[in-house]
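What follows is a set of notes on a single structure, which appears directly below.
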Amino acid sequence: MMHETTTRAYIELRFFKPLYVILLFTMGLTGFGQMPIFKRYYIADIPGLGWLADFYATHTIHYIGAILFFGFFAYAAGVYFGLMRKRFQLTGAAYVRIAILASIAVTGIFRVLKNLPDVVFSPLFTMVIDISHLVFMMFLVISGVLFMVLKKGWLVEK
14 MMHETTTRAY IELRFFKPLY VILLFTMGLT GFGQMPIFKR YYIADIPGLG WLADFYATHT
74 IHYIGAILFF GFFAYAAGVY FGLMRKRFQL TGAAYVRIAI LASIAVTGIF RVLKNLPDVV
134 FSPLFTMVID ISHLVFMMFL VISGVLFMVL KKGWLVEK
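What follows is the structure, given as structure tokens:
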């Protein structure tokens, strides 16, 4: 018979994956919306997708997504360390994902700082941060597909 906390953890895991996927998809879509590719390649001309060419709309949604991203992972870490750590352990794939997600978060924070009026970075540092943010997101997508094919999840039972 499962303990109440273990049952709750299983229920929460069922909702974590879809929320995680939706959040990452939204962040990726709005992140690419920061670049003019949707307008340039006429994707924004498809009915219902015109908002993708609106920099301020995608920028706002991306920032809201970033806030949800931090909240989601703070909650996930709390659930893991508070309820699940005795029964489950993180996999190697989880540590890779966590490192990539942390890199995305750090470069994202620098991108936010770059947009503040009183913060000035050199053009080289700005370019490194911008490209790093994009590259880490690509690493996350590639590793996500690879781990999905290899069936490497985040947790395994001890």
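All you need for my numbering is the position in the sequence shown, starting with 1, plus 13. Beta carbons are placed, not taken as given, at the ideal position from N, Cα and C, and that holds for glycine.
Thinking C-beta only, is residue j closer than 8 Å to residue i?
i: F38; j: A106; result: no
i: I111; j: H146; result: no
i: K165; j: R100; result: no
i: A89; j: F29; result: yes
i: T104; j: L168; result: yes
i: T71; j: G46; result: yes
i: I142; j: K127; result: yes
Return the residue from the list the options that minimises the CA-CA distance to residue i.
i: F138; options: T120, L129, L103, V148; result: T120
i: T43; options: T73, L96, Y54; result: T73
i: V158; options: S135, V109, M48; result: V109
i: M140; options: L129, R124, G46, D131; result: R124
i: D67; options: Y33, F51, K127, R27; result: F51
i: V34; options: G78, I56, L62, V148; result: G78
i: F149; options: M40, P31, R27, L32; result: M40
State the start and end residues of the unbroken beta strand (DSSP E) segment that holds residue i.
i: L168; result: 168-170
Between which two residues does the alpha helix (DSSP H) containing residue i stretch?
i: I50; result: 50-53
*Are there three or more Cβ pairs, one per stretch, closer than 8 Å when the stretch 68-83 is compared with the stretch 136-156?*
At 8 Å Cβ cutoff, the stretches do not touch.
*Fully enclosed by the stretch 77-135, which beta strand (DSSP E) runs are 3 residues long or longer?*
Residue ranges of uninterrupted beta strand (DSSP E) with 3 or more members, entirely inside the stretch 77-135 and ordered along the chain, are 101-103.
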